[in-house]
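Numbering (my numbering), first residue to last: -2 to 1133. All residues carry an ideal CB built from backbone N, CA and C; glycine is no exception.
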């Protein structure tokens, strides 16, 4: 069970001499009185038979029977996590305490917040008071303990204890449904009296209570059980000798109260139960935080004690009116099981719940455990944090749940062979073995999304019920013809089953992805074309009054920059072939990865940037699977709950994704018209964000690139923007070396981000003490669970694959990347909002593009960039300490029932420019020359801190260098009408080659190259129709013939005129008057323009084209250009 080491021996209090009593008649009265007292409180406490098993006759171990005694050190096979520290040794102390690492022999509780108590022994105190089993005897009083490890077979009931503890934790903490206990410690104080008890009445006062410590090596829990509590105070603490009341009841002072029941970390963190230290603590057996009088359960492994919700005598006490919801998130489509706890329910009670933001009501039901009600959520069609209003016979309660967008919720019903999913085809679905009860009968439903004329969304069954046999993990069925496909465009499949024990709750459902209605290949193109034309007709009307907005920024030109610009963009859940995505770019043909813009625009418009296998930006004018500007971001929803507006995911899918598929991929006739309303995304005007760093000791790089170190203690502004109320705050704490000694340096342990008054607050806080543990808080309340991306009011939280977090303030393009290490938080801040330039303040500078004026104090005093570290520390850094009324960080102090972490004492930091220190041996090699790493190792002596600093600063440098790269790309080239284009890219030296269709010839440059300035060489290509020799009808031949005929006719007229003139002269008729003919009036201005002909050199007859046409048309000799015998040269030259 456990190993005993030579721990501390006897523990004693020397205030009052020890005394021993012989049994006499009064002791028999004592026994009777004790029995009566036990019976009085039996009905309002936890009966001993409901305790974990214990034995006072020898099977369990006993502590020493002496005043202020205890057990030897107990070495644990599985360590216990307590306040984020790990312990392998515990001590059972007679005075109602279990301590770690050393005995605690003080009979009188100390002030938990007293400076003399800090940095002492950590402990669990179910009832810290002056217990006496040496001098107050006669009622089988005992303090016994047992340690049970998983796999230990020395006791017959070990497996039962491990099983009971495992089951208790899974029920009481639904977020730990996979918990399995590895170690159970049971300590029972059975019928123990108080020191100084006198007389039969005083000696008959006995308390019985128990503590159970449960752990799996990672998560640890404490269970407090109280059967009989009738005394609170020993005589040396001022209690009466006859009753054990009054004085300083089980004292552990905090503020003006004194407490006896709770936990202490050994440093500054602690937790105490209400009523500790006052007479009311005698009623602890009537109270509970799990709706069972006399029972309390706590999670003790985190940075704070998780006390569930404290309740007393069936009513909410410390958190009146508040419920806990677990898990804290649900799919926006509903079907998720949740448990609500807080008030004490009645077994079998049906509890009505309302979600006021969406006007939805549903029922929860209470099973055999009155602490919680089980619910299944209905469809919500809204995302973010929503309110749950719970009504019971004892009052109304309020809690919160986070509704998650479909694209961020796991897909558990997989559609196999997706290309086959067209109406009237046989199709297959599968689901996993894990998480779905296979022994139960289930049903499949095919649901169509609809939105009525008032914008109210719903899911309508279009398949009827498709039954699924128990233990089946797949089903084949025929995809039905959709009767009203004009209004049903998007389908989703649900797999549902009911919980047999809860008949008044909705069925549990898991979901497939949403997919479009498609038709058989022989009708797909025509149907899609009709669909597209209907959409275009509707969109023209909408676009006339509400065109899609084109908003900055444009897409990055390459995927690597899009991956870094997390302030503007995040991976598109629809398309990421670099991961095992559900969609795998199914709707983005030829794309390798897409990114979508973080929602920020007032009109909820979106933008998707898609990249090919070469990681270059695609253009929808060349690639139908590319991204576009969009009417809706997939996260867009109505600004006000209940107002008409976009529905998350579905508005985006039906107004942006489906039109592109039907207009450009499933058919292509109307793709150019679609692009008029959903314009192509380009990268010519893209602007990268600015980056800042706060890492390690901490070493800070401002948004304008200024490097410095700052070692303040307390809460500070990293970024403050008065105009938008944007605030990024951090908490700095002293760092310890490998021996736990405080050093003259600090690290960041908390970071919080918010727009005060217009967004929720997201905080990440480090649990500390060399572990990877942390907590995520929303509005100061820890989130029990979260998905990869959670969206709240104007702020989102993403948990990246590398373990880091990204907090994005959507309206202002501010994002904070947080890396959690065992010792600290490393932080990168990205600002992408040009309007913020020059107006920011805080430790990260003013963001004006100049590094020499970043040290602006709170009073606007500007320090020189070359100031000493001391000057920077006091004249700049400390001025950005956050006033208490401006803090968005969780509280550092505690009151009754809460954990506390008071700020440490002021200290003088180490200024390296005043105290040069030589690098430690081996640090240069370990840090590979990284100066920040060397410095951190020098100060903390911790390799973990130094290496984390080196790795993070290298990541920061890589990000900054990559975002600083100027990527040159040439603009889009149109494919000529009646021609073709082949292009190998739009980067420098890429080429575009053009050809014209048959019967068309090219004007412009057949090959164009992208030059170093981002422009294409050559000229625009046009394909114009050729004039073939056999085509004499309209176009060129008619014009040429007309020109030739006019010229010939003119020559004939002139010759005829000359002949007539000569004949008249021969007949000697009177000379006619002179003909002043302006031959220039016989111009070609009245002829249609022949723009296809090259410009004339001298006359029309000299055109090669003209003469070639004439030769081809009249090569048979039937027509010859009339040649006059005599033509006046002056007339000929003037005409031709």
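- With fewer than 16 other Cβ atoms from the protein chains shown falling within 10 Å of its own Cβ, residue 832 counts as exposed.
- Under the three-state reduction of DSSP output, residue 581 falls in the coil class, being neither helix nor strand.
- Using a Cβ distance threshold of 7 Å, residue 178 and residue 297 do not count as a contacting pair.
- The alpha-carbon separation between residue 136 and residue 207 amounts to approximately 17 Å.
- Of the residues 596, 583, 679, 628, the one whose Cα lies closest to the Cα of residue 618 is 679.
- When rounded, the separation of the alpha-carbon atoms in residue 352 and residue 634 is 17 Å.
- Ranked by how close their Cα comes to the Cα of residue 204, the residues 442, 291, 159, 213 have 291 in first place.
- About 6 Å separates the CB atoms of residue 51 and residue 183; that is less than 8 Å, so the two are in contact.
- With distances taken between CA atoms, residue 696 lies nearest to 841 out of 817, 630, 566, 841.
- Taking a contact to require three or more Cβ pairs closer than 8 Å, the stretch 440 to 448 and the stretch 487 to 497 qualify as touching.
- For residue 862, same chain residues with a beta-carbon under 8 Å away, outside a window of 5 residues either side, are 703, 848, 849, 850, 851, 852 in chain order.
- Excluding five sequence positions before and after residue 1016, the CB atoms of its chain that fall closer than 7 Å to its own CB belong to 1001, 1002, given in chain order.
- Under the rule that a run must span 3 or more residues, the beta strand (DSSP E) segments found entirely inside the stretch 540 to 615 read 566 to 573, 590 to 594, 603 to 608.
- With respect to residue 95, residue 121 sits close: the two C-beta atoms are nearer than 7 Å.
- When the five nearest sequence neighbours on each side are left out, the beta carbons in the same chain lying within less than 6 Å of the beta carbon of residue 727 are those of 713, 715, 745, 748, in order along the chain.
- Only residues of its own chain outside the window of five on either side were considered, and among them 707, 708, 709, 906, 908 have a CB closer than 8 Å to the CB of residue 870, listed in chain order.
- For residue 689, the enclosing beta strand (DSSP E) starts and ends at 687 to 692.
- Contact annotation: residue 621 and residue 592 have beta-carbon atoms that are not nearer than 7 Å.
- In this structure residue 54 is exposed. Its beta-carbon is surrounded by fewer than 16 other beta-carbon atoms within 10 angstroms.
- About 5 Å separates the beta carbon of residue 381 from that of residue 789, a gap short enough to meet the 8 Å contact definition.
- Ranking 821, 797, 787 by CA distance to the CA of residue 806 puts 787 first.
- The residues 427, in chain order, have a CB closer than 6 Å to that of residue 411 in the same chain once the five nearest residues on each side in sequence are set aside.
- Take the alpha-carbon of residue 981 and the one of residue 78: they are about 59 Å apart.
- Nearest to residue 239 by alpha-carbon distance, out of 274, 954, 263, 192, is 192.
- Under the DSSP assignment, residue 190 falls in the beta strand (DSSP E) whose first and last residues are 180 to 191.
- DSSP places residue 538 within a helical segment (H, G or I) once states are collapsed to three.
- Under the DSSP assignment, residue 944 falls in the alpha helix (DSSP H) whose first and last residues are 940 to 961.
- In the DSSP assignment, residue 457 falls outside any alpha helix (DSSP H) and lies within the beta strand (DSSP E) extending over 454 to 458.
- Annotated three-state conformation of residue 671 is helix, per DSSP.
- In the DSSP assignment, residue 745 forms a beta bridge with 729.
- Excluding sequence positions up to five before and after residue 987, its CB lies within less than 8 Å of the CB of 967, 980, 981, 1006, 1007, all in the same chain and listed in chain order.
- For residue 993, there is no enclosing alpha helix (DSSP H); the enclosing beta strand (DSSP E) covers residues 988 to 993.
- At a Cβ-Cβ threshold of 7 Å, residue 644 and residue 359 do not count as neighbours.
- Every beta strand (DSSP E) of 3 residues or more that sits fully in the stretch 820 to 844 is shown, in chain order, as 822 to 828.
- Distance from the Cα of residue 76 is smallest, within the candidate group 181, 41, 170, 159, for 181.
- At a Cβ-Cβ threshold of 7 Å, residue 828 and residue 811 count as neighbours.
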